[in-house]
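*Asks:* Quick one: structure below, then a few questions.
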Amino acid sequence: MSDSATHPREDDPDAEQASDPADADGPDAAEPAGEENRPDGETRQVSTGAESVVAALEAAGAETAFGVQGGAIMPVYDALYSSSIRHLTMAHEQGAAHAADAYGVVAGEPGLCLATSGPGATNLVTGIADADMDSDAMLALTGQVPTEFVGNDAFQETDTVGVTRPITKHNYFADDADAIGDVVGEAFELSRVGRPGPTLVDLPKNVTLDDTEKTPGPAEAPAGTDPDPRAREDAVEAAARAIEDADRPLCLFGGGVIKAEASEVAREFARTHEIPVTTTMPGIGSFPEDDELSLSWAGMHGTGYANMAITHTDCLIAVGTRFDDRLTGGIDTFAPEAEVVHVDIDPAEISKNVYADYPLIGDAGTVLEQLLEAVRDAPDADEWREQCQEWKETYPMTYATPDDEPLKPQFVVEAFDEATDDDTIVTTGVGQHQMWASQFWTYTEPRTWVSSHGLGTMGYGVPAAIGARVAADAMGEPDRDVVCFDGDGSFLMTMQELSVAVREDLNVTFAVLNNEYIGMVRQWQDAFFEGRHMASDYNWMPEFDKLAEAFGALGIRVDGYDEVAPAVEEALAYDGPAVIDFHVDPEENVLPMVPSGGANGRFALTEDQL
Amino acid sequence: MSGEDAAGMPGPAPDERPQPEGRRNLEGHRIDPVVEAEHDSRRAVISALVEDEPGVLARVSGLVSRRQFNIESLTVGPTTVEGHSRITMVVEETDPGIDQIEKQMAKLKPVISVGEVSGSAVTSELVLLKVHGEEPDKVHAVAEMYDGRTLDAGPKTITVQLTGDESKIDDAIDAFDQFGIIEIARTGQTALARGNIPTAPGEKPGTAGEPTTPNTQ
Numbered sequence: 039m040s041d042s043a044t045h046p047r048e049d050d051p052d053a054e055q056a057s058d059p060a061d062a063d064g065p066d067a068a069e070p071a072g073e074e075n076r077p078d079g080e081t082r083q084v085s086t087g088a089e090s091v092v093a094a095l096e097a098a099g100a101e102t103a104f105g106v107q108g109g110a111i112m113p114v115y116d117a118l119y120s121s122s123i124r125h126l127t128m129a130h131e132q133g134a135a136h137a138a139d140a141y142g143v144v145a146g147e148p149g150l151c152l153a154t155s156g157p158g159a160t161n162l163v164t165g166i167a168d169a170d171m172d173s174d175a176m177l178a179l180t181g182q183v184p185t186e187f188v189g190n191d192a193f194q195e196t197d198t199v200g201v202t203r204p205i206t207k208h209n210y211f212a213d214d215a216d217a218i219g220d221v222v223g224e225a226f227e228l229s230r231v232g233r234p235g236p237t238l239v240d241l242p243k244n245v246t247l248d249d250t251e252k253t254p255g256p257a258e259a260p261a262g263t264d265p266d267p268r269a270r271e272d273a274v275e276a277a278a279r280a281i282e283d284a285d286r287p288l289c290l291f292g293g294g295v296i297k298a299e300a301s302e303v304a305r306e307f308a309r310t311h312e313i314p315v316t317t318t319m320p321g322i323g324s325f326p327e328d329d330e331l332s333l334s335w336a337g338m339h340g341t342g343y344a345n346m347a348i349t350h351t352d353c354l355i356a357v358g359t360r361f362d363d364r365l366t367g368g369i370d371t372f373a374p375e376a377e378v379v380h381v382d383i384d385p386a387e388i389s390k391n392v393y394a395d396y397p398l399i400g401d402a403g404t405v406l407e408q409l410l411e412a413v414r415d416a417p418d419a420d421e422w423r424e425q426c427q428e429w430k431e432t433y434p435m436t437y438a439t440p441d442d443e444p445l446k447p448q449f450v451v452e453a454f455d456e457a458t459d460d461d462t463i464v465t466t467g468v469g470q471h472q473m474w475a476s477q478f479w480t481y482t483e484p485r486t487w488v489s490s491h492g493l494g495t496m497g498y499g500v501p502a503a504i505g506a507r508v509a510a511d512a513m514g515e516p517d518r519d520v521v522c523f524d525g526d527g528s529f530l531m532t533m534q535e536l537s538v539a540v541r542e543d544l545n546v547t548f549a550v551l552n553n554e555y556i557g558m559v560r561q562w563q564d565a566f567f568e569g570r571h572m573a574s575d576y577n578w579m580p581e582f583d584k585l586a587e588a589f590g591a592l593g594i595r596v597d598g599y600d601e602v603a604p605a606v607e608e609a610l611a612y613d614g615p616a617v618i619d620f621h622v623d624p625e626e627n628v629l630p631m632v633p634s635g636g637a638n639g640r641f642a643l644t645e646d647q648l
Numbered sequence: 012m013s014g015e016d017a018a019g020m021p022g023p024a025p026d027e028r029p030q031p032e033g034r035r036n037l038e039g040h041r042i043d044p045v046v047e048a049e050h051d052s053r054r055a056v057i058s059a060l061v062e063d064e065p066g067v068l069a070r071v072s073g074l075v076s077r078r079q080f081n082i083e084s085l086t087v088g089p090t091t092v093e094g095h096s097r098i099t100m101v102v103e104e105t106d107p108g109i110d111q112i113e114k115q116m117a118k119l120k121p122v123i124s125v126g127e128v129s130g131s132a133v134t135s136e137l138v139l140l141k142v143h144g145e146e147p148d149k150v151h152a153v154a155e156m157y158d159g160r161t162l163d164a165g166p167k168t169i170t171v172q173l174t175g176d177e178s179k180i181d182d183a184i185d186a187f188d189q190f191g192i193i194e195i196a197r198t199g200q201t202a203l204a205r206g207n208i209p210t211a212p213g214e215k216p217g218t219a220g221e222p223t224t225p226n227t228q
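Protein chains in written order, with my numbering: chain Y, 39 to 648; chain H, 12 to 228.
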């Protein structure tokens, strides 16, 4: 099952080429893309633009691609036929983009997705936009009609570069077979340097078919795009004095901490100076939620104690966050008395939404190391730490389980958390289930929480679970569990990818928290639209356990508390994809909740308080 | 609902919780005497040196419009360096907004350097004006007054070219109004810094030393 991730196909036709004199000095093209022929390795001989594309990908270290075949991308696929890169055919291009995104999140490498021109490319758009909002490194390769037809409304033509311009870090139209490989290598590198993000290369069919013998050079990001990791010393010193002088210091770790592989130094910084820590939602896992200093995550559905702390802090040390409105609530009431130390690799994030008193532009890990050295005396904050602990007791994360009400979704999340190890990867769709999965699971490790944050893409969970599973397998960690929490509405949007999980025999457990509603919309309609459930009532849902069986997966239906633990156990033990359709309380709401644009400290604990 | 235990989570209600007195303004500044003032918008001329690759103008204009910044004018043309173009943009924004435009533009890969042109810079615009031709002598006199040139004079219309800074152009248009302006085409402001100051400061690392980005040291 999983070992296919690291081994080339046995029927690899390219194996014959090993005896080709042209290949005598170079490494065998059919070798697996392991450590030995990663970036510095030589690339193989090429004879077409498409082969140059694939050679560039191999040289850049790409190991896995997700995609769907099609007319204009066919030459690239043909070149992949003899490549060490593992390709997973997805059921839909949106699935390819989300799988590549999640693969990148788990593996810490750019994910790779492919699609053909026109509808193939446009189907990638949601996934590219999702990666863009969450600053995830990803390379999308799209086929394009031959250059002579470009602009003529040819069959399956879309202005892909134009369509994806606002949702990529940069995109390219490759119009020269001799340069195509270098462009692909550059795009791959660009996606990961500095602030990561998706890049795209549009590949016209005639250019990929064109002859070229130009072997791409080593993948390099464009000059000037790899920023200085160190913040200015004087700025670090000034920030350090502000932190030392604080009475109520608070760390806010964002997704940038995880992307910069800075979780370890972030932990050391907070623990050394005994500063309480809250995270953003993308920052989940950067700091262990079972640590006494942890206040879990802040924002619209963050914990009450995190939101109290963020409201009352006088020195907010924000690292790798862009101060999204789901975090800040109304700007006027966000950390209103705090001096803000803002660490970010992207200068454009400084003072974009929240004014930074102490801007520190640089790599999160490097700057935290600088700060660790520069802050000599821990801030005197005993009272503040006590206050934070008190808030944990005052606003505990609990839920009621009355006998006369159906199964509570939070119970399901907790049951999975108890049954699995700390390194378990959780993916989600978007909606109520996503909030429960983030609230009632105790995350302790980075790259274990894979979700759609900025774009809020329903349907992200299933393909993301596939990408996460493949990444864990490729990393040699087949024993890690991958659990996808999904809602009924979200699951229905991309569940066709279950066919891929079955075909590839991927060990993933899909937990559908089925409340027969677009639950978050139903919750808002109850709170803000007088309970008028316009188009949010999904009482026409199929039986997901039976659908799972139809796909060839294990299907289980759960209605009551007693069935939860055995079902969880059975699904986790099952060697392959399993779907549990949990029929949960349709009336259950996500709390606490900061009403949109409201003050974080005024979070509602009951529906009546909204 | 079945009772209190199902209604929500424990803890004091929102208005029973302590709240800080501080506030931020809409630009995210803490409101204290130093930063309390809301920023008024002002006009700024932003100059960017860019690589002249296909789509660069679309990238720049798309970025600015997507982020809801108001462009008053946008000009673009080649420089003395092959493959480089200069984009000059006039915007009306608050200081933080102008700062954001510069930072966001700097993120674009084809943008080599970008910055606000100082107030002392030389700015100019080219305008073509078509007015009714009944009084050619008077039109000619007004054109001379503003250093304009008559490009086309027919029995019914006269077309005049004007160049100059914004106040001169505005005055000239006012003066031509008496003849009845039929059509007008304006290029928008373009600008260069005076003397030895670079027009687009803040070069991106790795592109320093290019002929059109003089070293600021």
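Think of the CB as a built atom: it goes at the ideal place given N, C-alpha and C, for glycine as much as any other residue.
So within the region 153-192 of chain Y, which uninterrupted beta strand (DSSP E) runs reach at least 3 residues, ignoring any that extend past its ends?
*Replies:* You should have 176-182.
*Asks:* How about Val413(Y) and Ala278(Y): do their beta carbons lie closer than 9 Å?
*Replies:* Taking the first sequence and counting its residues from 1, the one referred to as residue 413(Y) is at position 375. Taking the first sequence and counting its residues from 1, the one referred to as residue 278(Y) is at position 240. Yes, the Cβ-Cβ distance between Val413(Y) and Ala278(Y) is below 9 Å.
*Asks:* Along the chain, where does the beta strand (DSSP E) containing Ser332(Y) start, and where does it finish?
*Replies:* Counted from its first residue, the first sequence places residue 332(Y) at position 294. That run of the beta strand (DSSP E) goes 332-335.
*Asks:* Quick check on this structure: which residue in Leu493(Y), Lys446(Y), Pro484(Y), Glu89(Y) has the alpha carbon closest to the alpha carbon of His707(Y)?
*Replies:* Only positions 39 to 648 of chain Y appear in the structure, and residue 707(Y) is not among them; the question remains open.
*Asks:* Applying a beta-carbon distance threshold of less than 7 Å, which residues of chain H neighbour Pro236(Y)?
*Replies:* Numbered from 1 along the first sequence, position 198 holds the residue referred to as residue 236(Y). Those within 7 Å of Pro236(Y) in chain H number zero; the least Cβ separation is about 13 Å.
*Asks:* My guess is that Ser324(Y) and Ala304(Y) are in contact by the Cβ rule of under 8 Å, so how many angstroms apart are they, rounded?
*Replies:* Translated into the one-based positions of the first sequence, residue 324(Y) becomes position 286. Translated into the one-based positions of the first sequence, residue 304(Y) becomes position 266. Confirmed, Cβ separation roughly 6 Å.
*Asks:* Which partner residues does His208(Y) have in the DSSP bridge list?
*Replies:* If you number the first sequence from 1, residue 208(Y) lands on position 170. DSSP output for His208(Y) lists Thr237(Y) as bridge partner(s).
*Asks:* If you follow the beta strand (DSSP E) that Leu288(Y) is part of, which residue opens it and which one closes it?
*Replies:* Looking up residue 288(Y) in the first sequence gives position 250. Here the beta strand (DSSP E) through Leu288(Y) covers 287-291.
*Asks:* For Leu60(H), which option in Met116(H), Ile180(H), Leu139(H), Ile195(H) has the closest C-alpha, if you only look at C-alpha atoms?
*Replies:* As a working note, residue 60(H) is residue 49 in the second sequence. Cα-wise, what sits closest to Leu60(H) is Met116(H).
*Asks:* If you draw a straight line from the alpha carbon of Gly340(Y) to that of Tyr481(Y), how long is it in whole angstroms?
*Replies:* For the purposes of this step, residue 340(Y) is identified with residue 302 of the first sequence, where counting begins at 1. For the purposes of this step, residue 481(Y) is identified with residue 443 of the first sequence, where counting begins at 1. Each residue's Cα considered, the two are about 14 Å apart.
*Asks:* Taking 9 Å as the CB-CB limit, is Val68(H) close to chain Y?
*Replies:* The count along the second sequence starts at 1 and reaches residue 68(H) at position 57. The question names Val, but residue 68(H) in the sequence shown is Leu. False, the Cβ-Cβ gap to chain Y never drops below 9 Å.
*Asks:* Do Ala154(H) and Val56(H) have their C-beta atoms closer together than 9 Å?
*Replies:* In the second sequence, residue 154(H) corresponds to position 143, counting from 1. In the second sequence, residue 56(H) corresponds to position 45, counting from 1. No, the Cβ-Cβ distance between Ala154(H) and Val56(H) is not below 9 Å.
*Asks:* In chain order, what residues of the same chain lie with their CB nearer than 8 Å to the CB of Ser476(Y), ignoring the 5 residues before and after it?
*Replies:* Translated into positions along the first sequence, residue 476(Y) becomes position 438. Met319, Ile322, Trp335, His339, Thr466, Trp487, Ser489.
*Asks:* Does Leu74(H) get closer than 9 Å to chain Y when you measure Cβ to Cβ?
*Replies:* Position 63 of the second sequence, counted from the start, is the residue given in the question as residue 74(H). Yes, Leu74(H) lies at the interface with chain Y (some Cβ there is under 9 Å from its Cβ).
*Asks:* Given this structure, state the Cα-to-Cα distance separating Ala135(Y) from Pro484(Y), to the nearest angstrom.
*Replies:* Indexing the first sequence from 1 puts residue 135(Y) at position 97. Indexing the first sequence from 1 puts residue 484(Y) at position 446. Answer to the nearest angstrom: the Cα atoms are 22 Å apart.
*Asks:* Using a cut-off of 7 Å between C-beta atoms, extract the partners of Arg640(Y) located in chain H.
*Replies:* Here residue 640(Y) is taken as the residue at index 602 of the first sequence, counted from 1. Near Arg640(Y) (Cβ distances below 7 Å), the residues of chain H are Pro25.
*Asks:* Suppose the cutoff is 8 Å on Cβ atoms and the five residues either side in sequence are ignored; what does the same chain contact list for Glu515(Y) look like?
*Replies:* For this step, residue 515(Y) is matched to residue 477 along the first sequence. Correct list, in chain order: Asp461.
*Asks:* Can you tell me which of the three DSSP states Asn627(Y) falls into?
*Replies:* The count along the first sequence starts at 1 and reaches residue 627(Y) at position 589. Asn627(Y): coil per DSSP, three-state reduction.
*Asks:* What residue range is occupied by the uninterrupted alpha helix (DSSP H) comprising Gly105(Y)?
*Replies:* Here the question's residue 105(Y) lines up with position 67 in the first sequence. Segment 102-105 is the beta strand (DSSP E) holding Gly105(Y); no alpha helix (DSSP H) there.
*Asks:* Provide the residue(s) that pair with Trp487(Y) in DSSP beta bridges, ordered along the chain.
*Replies:* Here residue 487(Y) is taken as the residue at index 449 of the first sequence, counted from 1. BP columns for Trp487(Y) point to Val464(Y).
*Asks:* Report the rounded CA-to-CA distance for Gly337(Y) versus Asn36(H), giving the unit in angstroms.
*Replies:* In the first sequence, the residue the question calls residue 337(Y) occupies position 299. In the second sequence, the residue the question calls residue 36(H) occupies position 25. Whole-angstrom Cα-Cα distance: 19 Å.
*Asks:* Give, in chain order, every residue of the region 90-113 of chain H whose Cβ lies closer than 8 Å to some Cβ of chain Y.
*Replies:* Per Cβ criterion, the list reads Pro107, Asp110, Gln111.
*Asks:* Any beta carbon of chain Y sitting closer than 9 Å to that of Ala211(H)?
*Replies:* Mapped onto the second sequence, residue 211(H) falls at position 200. Output row for Ala211(H): interface = no.
*Asks:* Measuring straight from C-alpha to C-alpha, what distance separates Val500(Y) and Gln182(Y)?
*Replies:* For the purposes of this step, residue 500(Y) is identified with residue 462 of the first sequence, where counting begins at 1. For the purposes of this step, residue 182(Y) is identified with residue 144 of the first sequence, where counting begins at 1. Straight-line Cα distance between these residues: approximately 28 Å.
*Asks:* Which residues, in chain order, does the region 28-42 of chain H contribute to contact with chain Y at a C-beta distance below 9 Å?
*Replies:* Per Cβ criterion, the list reads Arg28, Pro29, Gln30, Pro31, Glu32, Gly33, Arg34, Arg35, Asn36, Leu37, Glu38, Gly39, His40, Arg41, Ile42.
*Asks:* So within the region 244-300 of chain Y, which uninterrupted alpha helix (DSSP H) runs reach at least 4 residues, ignoring any that extend past its ends?
*Replies:* Counting whole runs of 4 or more residues, the region 244-300 of chain Y contains the alpha helix (DSSP H) stretches 271-283, 293-297.
*Asks:* In chain order, what residues of the same chain lie with their CB nearer than 6 Å to the CB of Gly635(Y), ignoring the 5 residues before and after it?
*Replies:* Translated into the one-based positions of the first sequence, residue 635(Y) becomes position 597. Excluding positions up to five away in sequence, the list reads Gly368.
*Asks:* Checking contacts by CB at 9 Å: is Leu119(H) closer than that to chain Y?
*Replies:* Here residue 119(H) refers to the residue found at position 108 of the second sequence. With 9 Å as the cut-off, Leu119(H) counts as an interface residue toward chain Y.
*Asks:* With DSSP collapsed to three states, give me the class of Ser634(Y).
*Replies:* Taking the first sequence and counting its residues from 1, one reaches residue 634(Y) at position 596. In the structure shown, Ser634(Y) sits in coil (DSSP, three-state: anything other than H, G, I, E or B).
*Asks:* Measuring only the C-alpha atoms, how far is Gln30(H) from Phe307(Y)?
*Replies:* Within the second sequence, the letter at position 19 stands for residue 30(H). Within the first sequence, the letter at position 269 stands for residue 307(Y). Taking the straight line from one Cα to the other gives about 28 Å.
*Asks:* Tell me the DSSP secondary structure of Leu536(Y) in three-state form.
*Replies:* Looking up residue 536(Y) in the first sequence gives position 498. Leu536(Y): helix per DSSP, three-state reduction.
*Asks:* Select from the region 151-182 of chain H all residues with a C-beta closer than 8 Å to any C-beta belonging to chain Y, and list them in chain order.
*Replies:* Residues: none.
*Asks:* Around the Cβ of Arg570(Y), are there at least 16 other Cβ atoms within 10 angstroms (buried) or fewer (exposed)?
*Replies:* For the purposes of this step, residue 570(Y) is identified with residue 532 of the first sequence, where counting begins at 1. Classification for Arg570(Y): exposed.
*Asks:* Please state whether the Cβ-Cβ distance between Trp474(Y) and Asp455(Y) is less than 9 Å.
*Replies:* Numbered from 1 along the first sequence, position 436 holds the residue referred to as residue 474(Y). Numbered from 1 along the first sequence, position 417 holds the residue referred to as residue 455(Y). Result no, Cβ atoms of Trp474(Y) and Asp455(Y) do not sit closer than 9 Å.
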